[in-house]
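First up is the structure itself, then whatever we jot down about it.
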């Protein structure tokens, strides 16, 4: 499941960071990897089992926005607030369907605990 999340986030983040601004391929790839790991460890392993899909998706969106905004500013990429919002919304749609997929698979057991 982590691999699916990594590929989905990677395609979205790398593609849109490079398309909408002047992010380098390596910088965008590093950003996508960092975002994937943080969102998986916090959003999917902590928040999702305790709440529901909407809340976990919102948490993933907030994390993505903060991380993208921070890295874009630190790396001096020319992404506007609108660019970062577009990337965050596309990631949010992916995350919603990813969480739905987790619910449909055997990824949850018993009392909504995630199997690692």
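Numbering (my numbering), first residue to last: 1139 to 1254. A virtual CB, placed ideally from N, CA and C, is assigned to each residue, including glycine.
For residue 1183, which of helix, strand or coil comes out of DSSP? Walking along the chain shown from the start, residue 1183 turns up at place 45. Residue state, collapsed to three classes: helix.
Over the uninterrupted alpha helix (DSSP H) stretch that includes residue 1238, give me the two end residues. For the purposes of this step, residue 1238 is identified with residue 100 of the chain shown, where counting begins at 1. Residues 1219-1242.
Roughly how many whole angstroms lie between the Cα atoms of residue 1212 and residue 1233? As a working note, residue 1212 is residue 74 in the chain shown. As a working note, residue 1233 is residue 95 in the chain shown. Each residue's alpha carbon lies about 25 Å from the other.
Please list the segments of the alpha helix (DSSP H) lying wholly inside the segment 1148-1220, counting only runs of 4 or more residues, in order along the chain. 1163-1176, 1191-1212
Can you give the Cα-Cα distance for residue 1173 and residue 1202, rounded to whole angstroms? For the purposes of this step, residue 1173 is taken as residue 35 along the chain shown, with counting starting at 1. For the purposes of this step, residue 1202 is taken as residue 64 along the chain shown, with counting starting at 1. Going from the Cα of residue 1173 to the Cα of residue 1202 covers about 6 Å.
Among residues of its own chain, excluding the 5 on either side of residue 1219, which ones have a beta-carbon nearer than 7 Å to its beta-carbon? Mapped onto the chain shown, residue 1219 falls at position 81. So the list is empty, once near-sequence residues are dropped.
Beta-carbon proximity check, residue 1159 vs residue 1216, cutoff 8 Å: What you label residue 1159 is simply residue 21 of the chain shown in a count that begins at 1. What you label residue 1216 is simply residue 78 of the chain shown in a count that begins at 1. Contact: yes.
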